[in-house]
Amino acid sequence: MFSLNDSGWGRGSGGDPKPPPQRGDGPPDLDELWRDFNRRINGLFRKAGGGAPPPGDGSSSPSGSGRGTGVGLIAILVIGAVLWLGSGFYIVPEGNQAAIMRFGEFRHLEERAGFTWRWPTPVEAHELVNAQQLRQVEVGYRNTVRNKTLRESLMLTNDQSIVDIQFALQYRIGDVRAFLFNNNFGGVSEDAVRQAAETAMREVVGRRTIDQVLYEEKEQVAKDARQRAQALLDRYTSGITLVDVTIQQAQPPDQVQDAFEDANKAAQDRERLINEGRAYANDIIPKAGGAAARLGEEAEGYRQRLIATAQGDAARFRQVLTEYSKAPQVTRDRMYTEMMQQVLTSTSKIYIDSKAGNNLLYLPLDRLMQQIGAADAQSSGRPAGGSDSPAPVSAPPPPSPRSDGIRGRDRDSR
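Note that numbering that gives the first Met the number 0 gives residue 305 to position 306 of the sequence shown, counting from 1, and the numbers run on in steps of one.
Pasting the structure below:
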């Protein structure tokens with residue numbers, strides 16, 4: 000047993016102090032390895048810079064320590080290389096495309112979705128772009144049409160009117176390489192699309208009147224604006240493909256909304272009155288044309304009838320004239336008889352005045368006709384006034400010898 004007061008504590012059997020343990024006797028110390036690694040690195044830098052080694056650094060070191068340091072350094076390098084190479088693995092999501100760049104220069108596009116590999120940074124890098132995503136940008140408003148951006152929405156029409164128009168665009172990334180490298184979008188393409196769409200819409204609206212923009216050609220305005228904006232984007236090889244342009248709201252500015260509505264109502268009333276006038280004209284003109292045609296036909300028929308009657312009268316007169324030249328007296332008597340027959344046919348009462356005496360002969364033809372009608376009704380078993388058909392008109396009684404004599408005397412007197 001030894002005590003702390005023993006003078007032989009910590010000494011050898013001969014009384015000399017115990018020698019320190021050698022480095023190769025046990026496992027290497029990590030701290031010592033790290034310090035040795037730092038010294039070697041510093042020595043390499045000093046050799047490259049032409050400097051002298053630090054004082055106290057022996058030129059000779061045990062071979063066991065050198066081997067341990069080399070093994071640790073190789074292990075570190077291998078692990079670092081594995082980690083560096085492993086950082087080159089990446090995933091391409093579905094619908095995305097990866098642009099591979101080697102030292103900042105574009106190399107190729109990786110369009111296959113899944114797990115793939117490239118050279119790690121800084122040799123190569125990649126950038127993912129969703130080429131199938133349908134993106135949207137608003138012009139003249141943000142999120143809702145009530146949140147207006149008047150600097151973008153107010154536009155001038157061809158008739159010097161101001162229209163407040165808000166519209167939205169939908170687009171995709173059609174060419175990933177052009178989208179990333181031909182323009183300085185900085186990963187944000189909304190501003191470029193918005194500026195191109197606003198420019199195109201101002202050009203299209205400026206070629207039309209306010210009525211065409213608001214009512215007559217609203218869909219055509221959106222179509223023309225999409226084509227014009229696509230042409231601008233293609234000119235700058237932006238790689239953006241416009242899908243659709245939708246006009247959300249188009250109206251006059253709020254300051255003149257009431258006056259514009261009044262003018263619009265007046266225009267609608269004008270159109271309504273014009274349409275009513277056209278409908279009335281379309282209704283009355285055919286009727287007037289038909290009435291005119293009917294009157295023309297009636298007039299033509301009347302003319303033809305008068306001409307035929309006149310020609311018939313003239314022919315009859317020529318025939319009578321021919322007969323009259325042959326037998327004047329007989330012709331006069333026949334003409335007188337025919338005329339008297341025509342006159343007496345439409346006469347209901349006849350008074351015959353005789354020059355030989357003072358007696359006046361009265362022939363009530365109307366009463367005689369009624370009596371004849373009553374007699375016919377009684378013979379047929381019907382009342383006199385029960386029939387709707389007019390009573391048959393019987394021929395007048397033959398003239399009496401007295402009347403014949405009177406008429407003969409009249410002829411002689413003539």
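Quick reminder that beta carbons are idealized off the backbone N, C-alpha and C, glycines included.
Treat the numbers as computed from the prediction; the structure is a model and nothing was measured.
Own chain, CB closer than 6 Å to Met200, minus 5 neighbours either side, in chain order: Here residue 200 refers to the residue found at position 201 of the sequence shown. Counting only Cβ-Cβ distances below 6 Å, and skipping sequence neighbours, we find Ala224.
For Phe102, three-class secondary structure by DSSP: If you number the sequence shown from 1, residue 102 lands on position 103. Coil.
Less than 7 Å between C-beta atoms, sequence neighbours within five positions excluded: which residues of the same chain meet that for Ile99? Here residue 99 refers to the residue found at position 100 when the sequence shown is read from its first residue. Correct list, in chain order: Arg106, His107, Glu109, Arg117, Glu123 and His125.
Going by beta-carbon coordinates alone, are Gly238 and Ala191 separated by less than 8 Å? As a first step, residue 238 must be located in the sequence shown, where it is residue number 239. As a first step, residue 191 must be located in the sequence shown, where it is residue number 192. Against a cut-off of 8 Å, the Cβ pair of Ala191 and Gly238 comes out as no contact.
By DSSP, does Asn142 sit in helix, in strand, or in coil? For the purposes of this step, residue 142 is identified with residue 143 of the sequence shown, where counting begins at 1. Per DSSP, reduced to three states, the secondary structure at Asn142 is coil, with no helix or strand assignment.
Tell me the rounded alpha-carbon separation between Gly300 and Ala291. Within the sequence shown, residue 300 is the residue found at index 301, counting from 1. Within the sequence shown, residue 291 is the residue found at index 292, counting from 1. Rounded to whole angstroms, the gap between the alpha carbons of Gly300 and Ala291 is 14 Å.
Consult DSSP for Arg171 and reduce its assignment to one of helix, strand or coil. The residue labelled residue 171 in the question sits at position 172 within the sequence shown. Note: Arg171 maps to strand in three-state DSSP.
Reduced DSSP category for Gly311 - H, G, I as helix; E, B as strand; rest coil: In the sequence shown, the residue the question calls residue 311 occupies position 312. Of the three classes helix, strand and coil, the one that applies to Gly311 here is helix, per DSSP.
First through last residue of the alpha helix (DSSP H) which encompasses Asn205: As a working note, residue 205 is residue 206 in the sequence shown. Going by the sequence as given, residue 205 is Gly instead of Asn. Counting along the chain, the alpha helix (DSSP H) containing Gly205 begins and ends at Glu189 to Gly205.
What does a CB cutoff of less than 6 Å around Phe102 pick up in its chain, not counting 5 residues either side in sequence? Residue 102 sits at position 103 when you count from the first residue of the sequence shown. Contacts found: none.
Residues near Gly50 in its chain [Cβ-Cβ closer than 7 Å; skip 5 each side]: For the purposes of this step, residue 50 is taken as residue 51 along the sequence shown, with counting starting at 1. Residue confidence is low: Gly50 scores 48 on pLDDT, short of 50, so the model does not pin down where it sits. Its coordinate-derived value is still stated next. Hits under 7 Å: none found.
Leaving out five residues before and five after Asp56 in sequence, what residues of the same chain have Cβ atoms less than 7 Å from its Cβ? Reading the sequence shown from its first residue, position 57 is the one you call residue 56. At Asp56, the pLDDT of 48 sits below 50, so the modelled position is not reliable and the matter cannot be decided from this model.
My guess is that Ile246 and Ile161 are in contact by the Cβ rule of under 8 Å, so how many angstroms apart are they, rounded? Translated into the one-based positions of the sequence shown, residue 246 becomes position 247. Translated into the one-based positions of the sequence shown, residue 161 becomes position 162. Actually they do not touch by this definition, with Cβ atoms about 16 Å apart.
Going along the chain, which residues of its own chain have a beta-carbon closer than 8 Å to the beta-carbon of Thr115, five neighbours each way excluded? Taking the sequence shown and counting its residues from 1, one reaches residue 115 at position 116. Contacts found: Phe88, Tyr89, Ile90, Val91, Ala97 and Glu109.
Is the number of C-beta pairs between the stretch 165-174 and the stretch 132-147 that are closer than 8 Å three or more? yes
Can you give me the start and stop residues for the alpha helix (DSSP H) that Gln226 sits inside? On the sequence shown, position 227 is the one that residue 226 refers to. Note, Gln226: alpha helix (DSSP H), Lys217 to Arg234.
Span of the alpha helix (DSSP H) holding Gln159? Looking up residue 159 in the sequence shown gives position 160. Per DSSP, Gln159 belongs to no alpha helix (DSSP H) and is neither H nor E.
As a quick exercise: from Val242, Leu213, Arg315 and Leu320, pick the residue whose alpha carbon is nearest that of Arg226. On the sequence shown, position 227 is the one that residue 226 refers to. The residue asked about is misnamed: residue 226 is Gln in this sequence, not Arg. Minimum Cα distance to Gln226 is reached at Val242.
For Pro251, count neighbouring Cβ atoms within 10 angstroms of its own Cβ and tell me buried if that reaches 16, exposed if not. By one-based count along the sequence shown, residue 251 stands at place 252. By the beta-carbon neighbour count (other beta carbons within 10 angstroms, threshold 16), Pro251 is buried.
Can you tell me which of Gly205, Leu133 and Ala221 puts its alpha carbon nearest to the alpha carbon of Asp158? Within the sequence shown, the letter at position 159 stands for residue 158. For Asp158, the closest alpha carbon among the candidates Gly205, Leu133 and Ala221 is that of Gly205.
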